[in-house]
Ligand SMILES: Cc1cc2nc3c(=O)[nH]c(=O)nc-3n(C[C@H](O)[C@H](O)[C@H](O)COP(=O)(O)O)c2cc1C
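Shown next as structure tokens:
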């Protein structure tokens, strides 16, 4: 077995969590294994925007705020998502299904505006499409 | 005659349900008893990406797009394969270039030679197209010989700075150490840039082969591909490719019966643009905060865990196999002195055709925009081009009649940078664009040094005020001074380049800034000013 780094341990802890976050227990465990103070572990963890120490929704929505998406009307989509989900950027919906996050650039600029939900990219978005996508995921997960 | 249908299944095509189309083809071919003679495979992006599901049929070299439905699939199978006719109505986006040769022909696909031709999911496909031959040639040469070949090719890094690759390798080769590393920088986070993704999704083995050759040349036997966490499909295809390479003995111990051993793994980033900076990247791989390190020492002599480390961009490494296969002299027939070979560009913004294209260095920027990119959408006129990403430069229509290469661009204070070309039409507001750029850097500044941490924040606040009609007479001067300070005193390239495009916009579009600041007016009605 290869030795893992603190960052990898944190990534792993987060990926094992249903609520997409790193618990205090995880941090304690990593601190113990690595013989590293808690402050250091948090120092690393809080540096990276894909890591969270707060519970998040089952699905992470990353809406792109890059220049190409901005030009293609990305702001409207952010507002639409806020309205549909009833949350602000960085918040989680009441039902615990979605967390809305903004990404600096997802590198899908040829089909801007775009977003990703978990590992799935969605492009050439419109306000209607965004609403539909959220609806279909909601219906899919309820089953 | 055996036919191959290659369906573009890159991230952007997949979101148009390319996978479903693949399945529909398989079903339809089976129904017509054609499965034996026509195979269906996934491939990488065909260059133009905003065209729906696209596919090429070889050996006929016919491209169809967009293929949207079951009916489209049935039509192609019936008319193309049974009747032997080209289905003209399914070639809509390419009225001008209906044949794949023409589309590929105005490009020069060297790095992307396999993308659109082979399945990225099968190592045998790569090998059938001369894959790993460059590495075999390297093994027959001495490590010094390989470095000489790369130096002779005058290949320069494609990650932005343009450092000569052969020279970089030589530093690491000459460094004495029990352990050395090869790192592929696949953090691609520069807004407007998505060319490395095209390589990794379309031809992942090429990156592995480039790293193997780098390892052999420098005496490194461990490689790491550091890739941004959001690039799920790239990660999947690279990991699959690595495991296939291990299975065939192209990675691991005593590769192909030689004394050379090389291990390779993928490490995922966790969302931080600064980690593309090479020393921040090293810290991130070591599991620390991704803050940049002091240079010197430089990574080629003291990099990962303090050991000599070559860090190259994905595109740089993807150039290596073909140089080792066909030689430096062959390579130098492309491009211009000072910038040999080709360059990938990510076309985006207000263009008709967007995507990743590969052209020889020295191609005129206006040709790339107007011919390859099909000109501006809705016949609008050009206002500005952001070249090399938001840390790059802002060019006016007067400046785009220029060859794209390191030397020519340096004359207009620009560079190819990350290879992104963001086209802005007359309807775009320069202040609004500057605000988006400033917001990006404010968010991505790592906070280690004051000029960048505070500078990016102040820059954003000033522009935000101006965009709301609260600009003040002294703002331009303050921004200029702030920008200069950031350039001169920031710790790393992030803060040093963050003000570039903004400062250039102040110089090149003073009237537009002044209209916002003094007249409280946005000439193109993008900003909402509350006077
Ligand atoms: C803020 C910042 C971000 C960068 N991001 C990347 C990147 O995403 N990919 C990359 O290859 N180089 C990036 N670079 C450049 C690298 O530091 C380094 O020069 C490059 O990886 C060297 O590879 P090359 O010689 O093959 O060009 C970045 C530099 C800075 C300052």
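Chains as they are written, first to last, in this note's numbering: chain A, 1 to 143; chain B, 144 to 674.
C-beta: ideal position from N, C-alpha, C; glycine also.
These numbers come from a predicted model, not from an experiment.
### Query
Which word fits residue 206 of chain B, buried or exposed, when buried means at least 16 other C-beta atoms lie within 10 angstroms of its C-beta?
Its Cβ being crowded by 16 or more others within 10 Å, residue 206 of chain B is buried.
### Query
Does any residue of chain A bring its CB to less than 8 angstroms from the CB of residue 381 of chain B?
no
#### Entry: residue 632 of chain B: first and last residue of the uninterrupted alpha helix (DSSP H) it sits in
DSSP places residue 632 of chain B in the uninterrupted alpha helix (DSSP H) bounded by 618-632.
### Query
Does the Cβ of residue 637 of chain B lie closer than 7 angstroms to at least one heavy atom of ligand 1?
yes
### Query
If the cut is a Cβ gap below 8 angstroms, which residues of chain A does residue 334 of chain B touch?
66, 67, 68, 104, 105 and 109
### Query
Measuring CB to CB, does residue 493 of chain B end up less than 8 angstroms from residue 567 of chain B?
Taking 8 angstroms as the Cβ cut-off, residue 493 of chain B and residue 567 of chain B qualify as a contacting pair.
### Where residue 143 of chain A falls, given that 16 or more other Cβ within 10 Å makes a residue buried
At residue 143 of chain A the pLDDT is 46, less than 50, meaning the model places this residue with poor confidence; the figure from the coordinates comes in the next sentence. Label assigned to residue 143 of chain A: exposed.
### Query
What are the start and end residues of the beta strand (DSSP E) that includes residue 427 of chain B?
Note, residue 427 of chain B: premise wrong, no beta strand (DSSP E); alpha helix (DSSP H) at 421-428.
#### Entry: Neighbouring residues, chain A, relative to residue 565 of chain B (Cβ below 9 angstroms)
Scanning chain A for C-beta atoms nearer than 9 angstroms to the C-beta of residue 565 of chain B yields 67, 68, 71 and 109, reported in chain order.
### Message
Is any non-hydrogen atom of ligand 1 found closer than 7 angstroms to the C-beta of residue 353 of chain B, if you look at the structure I gave you?
### Response
no
### Beta-carbon separation (whole angstroms), residue 505 of chain B vs residue 546 of chain B, contact threshold 8 angstroms
Taking 8 angstroms as the upper bound for CB-CB distance, residue 505 of chain B and residue 546 of chain B are in contact here, some 5 angstroms apart.
### Spatial distance of residue 198 of chain B from residue 343 of chain B (CA atoms)
19 angstroms
### Task
Measuring only between beta-carbons, confirm whether residue 301 of chain B sits less than 8 angstroms from chain A.
In terms of beta-carbon proximity, residue 301 of chain B stays away from the interface with chain A, with every pair separated by 8 angstroms or more.
### Length of the line joining the Cα atoms of residue 682 of chain B and residue 196 of chain B
In the structure as shown, chain B begins at 144 and stops at 674. Residue 682 of chain B is therefore absent and cannot be evaluated.
### Task
Out of A/15, A/131, A/11 and A/128, point me to the one whose CA is closest to residue 58 of chain A's CA.
A/15
### Query
Under a CB-based cut-off of 8 angstroms, is residue 161 of chain B close to chain A?
no
### Message
Within the continuous beta strand (DSSP E) that includes residue 99 of chain A, where are the two ends?
### Response
98-103
### Query
Can you check whether the CB of residue 234 of chain B is closer than 8 angstroms to the CB of residue 190 of chain B?
no
### Message
Which residues does DSSP list as the beta-bridge partners of residue 64 of chain A?
### Response
A/103
### Query
So which residues of chain B does residue 43 of chain A contact, with C-beta pairs closer than 9 angstroms?
Near residue 43 of chain A (Cβ distances below 9 angstroms), the residues of chain B are 431 and 432.
### Query
Along chain A, which residues have their Cβ under 8 angstroms away from the Cβ of residue 337 of chain B?
Below the 8 angstroms Cβ cutoff, chain A contributes 107, 108, 109 and 110 as neighbours of residue 337 of chain B, in chain order.
### Message
Between B/208, B/308 and B/200, which has its C-alpha nearest residue 227 of chain B's C-alpha?
### Response
B/200
### Query
Any idea what DSSP makes of residue 498 of chain B, helix, strand or coil?
Looking at residue 498 of chain B - three-state DSSP - the assignment turns out to be strand.
### Message
I need the straight-line Cα distance from residue 335 of chain B to residue 101 of chain A, nearest angstrom please.
### Response
Rounded to whole angstroms, residue 335 of chain B and residue 101 of chain A show a C-alpha spacing of 19 angstroms.
### Task
Using three-state DSSP, classify residue 327 of chain B as helix, strand or coil.
strand
### Query
Going by the C-beta, is residue 459 of chain B closer than 7 angstroms to any heavy atom of ligand 1?
yes
### Task
Say whether chain A places a C-beta atom closer than 8 angstroms to the C-beta of residue 571 of chain B.
yes
### Query
How big is the Cα-Cα spacing for residue 252 of chain B and residue 279 of chain B?
Cα-Cα distance, rounded: 22 angstroms.
### residue 676 of chain B to residue 503 of chain B span [Cα, whole Å]
Residue coverage of chain B in this structure runs from 144 to 674, which leaves residue 676 of chain B outside it and unanswerable.
### Interface partners of residue 416 of chain B on chain A, CB under 7 angstroms
Within 7 angstroms Cβ-Cβ: 104.
#### Entry: CA-to-CA distance, residue 274 of chain B to residue 446 of chain B, given in whole angstroms
30 angstroms
### Task
Check residue 486 of chain B in the structure and name its three-state DSSP category.
Here residue 486 of chain B sits in strand by DSSP.
### Message
Under DSSP, the beta strand (DSSP E) around residue 200 of chain B begins and ends at which residues?
### Response
First-last of the beta strand (DSSP E) with residue 200 of chain B: 198-201.
### Task
Taking only the alpha-carbon atoms, compute the straight-line gap between residue 242 of chain B and residue 428 of chain B and give it to the nearest angstrom.
Note that residue 242 of chain B has pLDDT 47, beneath the 50 cutoff, so the model's placement of it is unreliable and the number below is only indicative. Taking the straight line from one Cα to the other gives about 45 angstroms.
### Task
Using three-state DSSP, classify residue 258 of chain B as helix, strand or coil.
Three-state result, residue 258 of chain B: coil.
### Task
Tell me whether the beta-carbon of residue 582 of chain B lies closer than 8 angstroms to the beta-carbon of residue 673 of chain B.
no
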